[in-house]
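There are 6 protein chains.
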Amino acid sequence: VLIKVINPNSTESMTKIIGGCARAVAGPGVSVEPVTAVGGPTAIESHYDDAIAVPGVLAAVSDGAAAGVDAFVIACFGDPGLYAARELTAAPVIGIAEAAMRSAAYLTRRFSVVTTLSRTVPHARELTHRYGVADLCGGIHACEVPVLDLELDPDARERVMAECRRALAIDRSEAIVLGCAGMADFCSQLSRELGVPVIDGVAAATATAVALVRLGLRTSKAGEFAFRSVRSV
Amino acid sequence: VLIKVINPNSTESMTKIIGGCARAVAGPGVSVEPVTAVGGPTAIESHYDDAIAVPGVLAAVSDGAAAGVDAFVIACFGDPGLYAARELTAAPVIGIAEAAMRSAAYLTRRFSVVTTLSRTVPHARELTHRYGVADLCGGIHACEVPVLDLELDPDARERVMAECRRALAIDRSEAIVLGCAGMADFCSQLSRELGVPVIDGVAAATATAVALVRLGLRTSKAGEFAFRSVRSV
Amino acid sequence: VLIKVINPNSTESMTKIIGGCARAVAGPGVSVEPVTAVGGPTAIESHYDDAIAVPGVLAAVSDGAAAGVDAFVIACFGDPGLYAARELTAAPVIGIAEAAMRSAAYLTRRFSVVTTLSRTVPHARELTHRYGVADLCGGIHACEVPVLDLELDPDARERVMAECRRALAIDRSEAIVLGCAGMADFCSQLSRELGVPVIDGVAAATATAVALVRLGLRTSKAGEFAFRSVRSV
Amino acid sequence: VLIKVINPNSTESMTKIIGGCARAVAGPGVSVEPVTAVGGPTAIESHYDDAIAVPGVLAAVSDGAAAGVDAFVIACFGDPGLYAARELTAAPVIGIAEAAMRSAAYLTRRFSVVTTLSRTVPHARELTHRYGVADLCGGIHACEVPVLDLELDPDARERVMAECRRALAIDRSEAIVLGCAGMADFCSQLSRELGVPVIDGVAAATATAVALVRLGLRTSKAGEFAFRSVRSV
Amino acid sequence: VLIKVINPNSTESMTKIIGGCARAVAGPGVSVEPVTAVGGPTAIESHYDDAIAVPGVLAAVSDGAAAGVDAFVIACFGDPGLYAARELTAAPVIGIAEAAMRSAAYLTRRFSVVTTLSRTVPHARELTHRYGVADLCGGIHACEVPVLDLELDPDARERVMAECRRALAIDRSEAIVLGCAGMADFCSQLSRELGVPVIDGVAAATATAVALVRLGLRTSKAGEFAFRSVRSV
Amino acid sequence: VLIKVINPNSTESMTKIIGGCARAVAGPGVSVEPVTAVGGPTAIESHYDDAIAVPGVLAAVSDGAAAGVDAFVIACFGDPGLYAARELTAAPVIGIAEAAMRSAAYLTRRFSVVTTLSRTVPHARELTHRYGVADLCGGIHACEVPVLDLELDPDARERVMAECRRALAIDRSEAIVLGCAGMADFCSQLSRELGVPVIDGVAAATATAVALVRLGLRTSKAGEFAFRSVRSV
C-alpha cells in the first residue's frame, strides 16, 4: 500500500515533519511518500494562499495517479483542491481537516479546533458545516502563531498548549483538533499534558487512507467526481 | 491489535459472517474476535428489538474492556448502545452505521442507504442527522427483506441489488451504504455489478477501529463518556 | 382516564414525589398511577444508566397496555425507551423532556434547561435537536447536584435556584425547563422566586397525556411504531 | 377554566363549527367561548388576508384579557397575530398550527399537512420551521378547495379525503395534520377511514390550552412578550 | 425610476430622515418618494406595534401600485407586511432587514446586528433564519435606546456607537448591520469611526430596489405572491 | 463608476456576450469593462476546471485593484476564487451565483436552478447552503448542454427552455435561476415565454455591484478578507 502525502506549501522542512507523522501511524505493509507541491506559497494563511497552492497539489495528484499510488493525503487544514483532486484519480483523496474532524467524532461529541491565525477561522468554520460536524465543534480558536513560526519559534508549542487549555475551558469541550499540519508533531505531547484526545489531521488522514485502501473503496466516478471528459479542457 | 466485533442479535450464523467480513479488511497484525451478544433478539427490526439487545452489547463491551481489547465494533446498523458502551471503556467503540456513512463521505457527496424493512427507515434517517451526513444522504430505501431472510432466502441478494439500482436512479446518488450487518457479505458483488462504491458498515467500522488504534486515539473521558462514578449505580 | 407514570429509576421515594406532581395537574376525571420500573439503577446519570433502565420501562408499558391504561408518562429527562415503548401500545407515550420543552415553546422563544450533572448535558442537547427546539434553547446548565441528592441534600433547592438565576442571566432567556424528574417538586417555588415560567416535565407530560386522550389521538401504527410482527422476536 | 376560541375570519358559521369542535375535547370543568374577530376577511387564503385579520384578533384577545379569560386559541392555520397577542396578556395564547403540529409530534415522526389552496403552502412550510417540526413534515399538500367551499361544497370532504390518501402515499407518512380550521369537523371521519391519526388544530389547541392552564403556566413576561410600555404606543 | 419608501410608523420627522438617506444612494435617474403610513404607532418596538402598522403599509403599497411606482421599500427593520405587500403589486417590495443583511453578506461572513430594545432581538433573530443569514450573524445586540430617542436624545449616537464596539469585540465580527430605520443617518459616521462596514437597511433596500428595476425583475406571480382572487376577500 | 466583469474561462466570444448583458443593466453613469481571465480552461464544467481558472481570475482582480476599479464581477456560476479575490481589494467582488440566488430571494420563496451538466449539480447545491438559500431552492436541474454548446448548438436555447419548464413543474417553483454565465443572453426571452422571473447572474451581479458602490460599501478588512501580510507569501 502506497500513500502519497502532499504538502501544499513550499516549505520542505514541513514536508519532512509531515512525512514522519504519517509514517508513524501507517502500520505494517504501508509506504508513505511525502512530497512538496510545486509552486505553492511558503505557508497557507489566507484564501489567496489556498487558491495559489491548488495547481501544485493537483499536479502532484495527477503524477501520483499515473504512478499507481493507492491513496492521497492533502496535508493542509484548509483541504485545498480536495474535490478537484478527486476528479483526477479513483484512488481515495483525503483532506486532513475532514479526517481530523470525522475521527474526533468517534471519540467525543464536543471538540474544539485550535488553529494558527484568526483570519482562517471562518474557513475552518465553513469546513465544520461541509463535513457535518458543526454541532460537535464547540469553538475554533486561533493561537496567533503564524504557520512557519510553529517550527521556528521556541515558544510555539507552549502557545499552542495555552490556547488548547483555553479552548477546553471556554467551550467545555472534551478533545482538541489541531487546525494546521504544522502542529502535527506537537500532537502526542499535547495529548499527554492536556489529558484529552488531541487529533492531528496528518496522522488521521493517513490512517483513514489506509483504511479505505484495505476496504477496497475508491472515489465514486458516477457523478460529481467522474473523470473529466476531453471536451471541457 | 485486537478488535472485538459484537453482533447484537442472537443469530450465531450471522456472527460468523460478520466475523469473516471484519477479518477480510483488518490488515496485517490485527486479530478480530467476533462474539454474539447474550440475550438479544434473533434479529433487530424495531426500536424494541434494539432496546432489548443493548444490555447484552454492554456486557460484551464490559468483558472486552476487562480483557484488554483494543477497540470494539457494534455490528448492527442501528448502532445500539453506542454511547453507553463508550462509558465502559476508553478503547474506541465504533458503530457500523456511523462508520459506513462517514466512510462514504470520503468517496462521494451523494449516497443512498438500502436497508431491510421500511419501519426502520425513520431511525436510519435520525442517524444521518446525528452523524452529520443528512445533506449527503439522497434517500433511505427498504428492500422489505427481513434480516434473517437475507441469509435464508435465495432471492435476497437479487432483491437487495434491485433496490440498490432503484435507489441510485431515484436519488441520483453515486454510492450505496448497506443498512444492515446481514448484508455484509453481499458487498463486493453488489459493487462490481452496480459500478459504484458499496459500503458495508461491518468492514468500514473494523477498518476505522484499526485506524484509531494505530493513531493511539481513545474515547475522551473528560465529559460525556467519563467512566461512571460509583454513586450513580 | 387513567395515566400511568413510570419512574425509570428504582428509587421509590422519587416515584412518590413524581406521582404527587402528576396528580396535582391531572384535572377532574383523571387517575394517575405512579409505578417504579423494575431493574433500573437508583438514579439515571449516564448513557449506561439510561440503557439499563429501559427494559424495566418497557415491561411497565407492556403491563399497562394489557391493563387498558389510556396513556403513559416516562418520568426521566432522558426519555429512556420512548420510541420502543410506542411500539408496544397505541396509547400515547409521553417523555418528560419532550413535553417540558414543547410546553415551554408555547410560552417563550428562549428558555434554558437546568439539569443535574454536566455529563448529561450532551444528551439533553441532542434532545433539543430531536424535539425541534434547539433554536429556542439558550443553554443547558448543570447544577452538579446528583439526582438522589436533590431529595437528600437540604441545600439542593438553593443550588438549583442559583443555577437557574445564572442560566437566565447568561442565556438572556425567559423561562426555565427543569432537566430532571427529581426537581419536580421544586417547580412552583422556583417559578415564584424567579418570576418566570418554570416547566417541570412530569407535570407537563401528564397534562399533555390527558390532552391527547381527550383528543382521542393515539400513536400511529402505520409505520415506525407499528406493533412488532411475531417474526422479529 | 374559560378558553376563548377566536375565529380570525368573519364567517359566523365557521365560528360555530369551531366552537363545537373545541367543546368536544375541552373536558370537565372547562367552558369554551367561541368568537368571531371583527373586521377580518370572510376567509384567510393569502398573506394579505392574514395581515388584515390580525387587528380583529388582537382586539378579541385584549377584550378577553380584561375579562379574565384563562387561555386563548387563534383558530386559523396561519396562526395570525400569535406573537402580538402574547404581548397583550399573560394567559396562554395558542395557535392551531403550532398545536396541531406539536401534538402530531407525540404520535409519529412523519406526518403530512393537507391544506386548502396551494398558494398557502409556503407559509405553512415556514411554520414547520418556526415550530421545529420541519424534519417531521413529509410534505404539505393543497386540495385546492377554497376555505368557504369546505362548508358549502358537498364534495369537499371527499376531495380532502382524496388528498389525504395521496399525501400518505407520496410522503410515506403516518399521520395527517389538517391545514385549515374549516376542516375541523371532518377530522374524526377522516381518521376512521384513513386508519391513521388525523390532527385538527382547533381541537389540539383547545386541549393544549386546557393543559397549560392546569399546569399553571403562563406566557413569560421576561422579554419578547412583556407587556408593552406606554412609551411605544 | 420611482421608488416609494414607506415609513411604517407615524413619526413624520423619521420619514424625512429616511427619505434623505434613500435619496443619497439612489443614483442618477431615480426619484425617491418617502411616505408615512397611515394609522401606525409612533414607533415600532413590539410584535403588537408591528401588527398594527401593517394595514397602513399595505394601503400605501396599494396606492403606489395604482400610481405606477417601480419598486417599494418598507422602512422598518421588522419588515412588517412584506409578504402581504408582495401580493398587491408585481413591482419589487424590499424590506430593510432583508436588504441590509443580504448586502452585508457580500462584504463579510461575520456581522453583528445592533438594534434598539432587547425585546425585539428574538424577532430579528428569526429574520436571520428567514433570510438565510443566521450562520453569518455573530450576534444581535440592543443598545436599549427607544426608537424615538434615537432622534431626540443627544447621547443616542454615542450609545449606538458604544454598542457597536461591544458587538464587534464580543462577536469577533467584521461589520455592523443597523437594526432600526431610525439609525439610518448615523451610518456613515459610525463606519468612519469603527473602521468596518456599517450597513443601513434604508439605503441598502433603496439601492437593491433600483438594482431590481434595472434588471427588469418583478415579484413572481406564479404562486405564493399571486394577486388575490376576488373570492377570498 | 467602473465595474470590471471577469470571465474565468478563456472563450472570448463568451466574454463579449457577458459584457453585453452586464452593460444592459448597469444604468446611467456606469462603465462596464469585460475581460477574459488568462490561463483558464475554455469552459468550466468540473471542480478541476474551476480550480485551474482561479489564478487567472485573481490576476485580473489584482490588476483591476491597482487600476482603481470600483467593483468586480466573477462571471462563472461556481463563483471561482470569490473569497480569495476579496483579500486582494476592498472594492466589492460579487459572484454571479450569489447575486442570482440572493436577487431571486427578493421575488419568490421557491426557485429552481437550471444549469448545464449534471456533474456540476452538487457544487451548485453546496452554494445554496453557503449563500443561505437552500430552503428557497426547490431543485437544481441539468439540461446536459455543455457550456460551449450554449453558443454553438442552435437547439441549445430550446433545450434550456424545456428544462426550465420541467423544473417549474417538478419543483412547483415560481422562478428560474440560470446556472451558467453562458445562458445570460437567453434570459429575457425565457422569462417572456415562461411567464415567471428568470434571473441571470451576470446581470444580477452587475446591478448588485453598482448598488454596493452607490452605497459606499466595501469588503470588510477587519478579519477574514484583510489584505494579506507580507509574511505569508
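Residue numbers (the working numbering), protein chains in the order written: chain A, 35 to 267; chain B, 35 to 267; chain C, 35 to 267; chain D, 35 to 267; chain E, 35 to 267; chain F, 35 to 267.
Don't be surprised by glycine CBs; every beta carbon is placed ideally from N, CA and C.
On the premise that residue j lies in contact with residue i, defined as a C-beta separation below 8 Å, what is that separation, rounded to the nearest angstrom?
i	j	result
G213(A)	L184(A)	With a Cβ gap of about 11 Å, G213(A) and L184(A) do not count as contacting.
R153(F)	A260(A)	6 Å
Helix, strand or coil for residue i per DSSP?
i	result
S146(C)	strand
A176(E)	strand
P42(C)	coil
P89(F)	helix
R248(D)	helix
I78(E)	coil
A239(A)	helix
C214(F)	coil
E67(F)	strand
C171(B)	strand
A201(B)	helix
V194(D)	helix
V95(F)	helix
L184(D)	helix
With a threshold of 16 other CB atoms inside 10 Å of the CB of residue i, please say whether the residue is buried or exposed.
i	result
E121(D)	buried
K255(A)	buried
L246(F)	buried
P68(F)	buried
G229(A)	exposed
R143(C)	buried
I204(A)	exposed
G112(B)	buried
K50(C)	exposed
R226(E)	exposed
S137(D)	buried
Run through chain E and tell me which residues come within less than 7 Å of residue i, C-beta to C-beta.
i	result
R144(C)	P156
Y117(D)	H81
Could you confirm whether any beta carbon from chain A is found closer than 7 Å to the beta carbon of residue i?
i	result
E208(B)	yes
G90(F)	no
For residue i, which residues in chain A fall below 7 Å Cβ to Cβ?
i	result
L122(F)	Y82
I86(F)	P89
Under 7 Å, Cβ to Cβ, is there at least one residue of chain B near residue i?
i	result
G63(A)	yes
G102(A)	no
A241(A)	yes
A93(A)	no
Give the interface partners of residue i over in chain A, defined as CB-CB distance under 9 Å, in chain order.
i	result
V59(B)	A245, R248, L249, G250
Report the neighbours of residue i on chain C: residues whose CB is nearer than 7 Å to its CB, in chain order.
i	result
R153(B)	G257, E258, A260
Give me the chain C residues within the contact set of residue i, using Cβ-Cβ distance strictly less than 9 Å, ordered along the chain.
i	result
G229(D)	K255, A256
Any beta carbon from chain F within less than 7 Å of residue i's own beta carbon?
i	result
A8(E)	No answer is possible for residue 8(E): the residues shown for chain E start at 35 and end at 267.
Check whether chain D comes within 7 Å of residue i, counting only Cβ atoms and requiring the distance to be less than that.
i	result
R200(C)	no
T150(B)	no
Anything in chain B within Cβ reach of residue i, meaning under 8 Å, just list it in chain order.
i	result
D169(A)	G166
Under 8 Å between beta-carbons, which chain F residues line up against residue i? List them in chain order, please.
i	result
K126(E)	Position check: residue 126(E) holds Pro in this sequence, whereas Lys was assumed. What P126(E) touches in chain F: Y140, L141.
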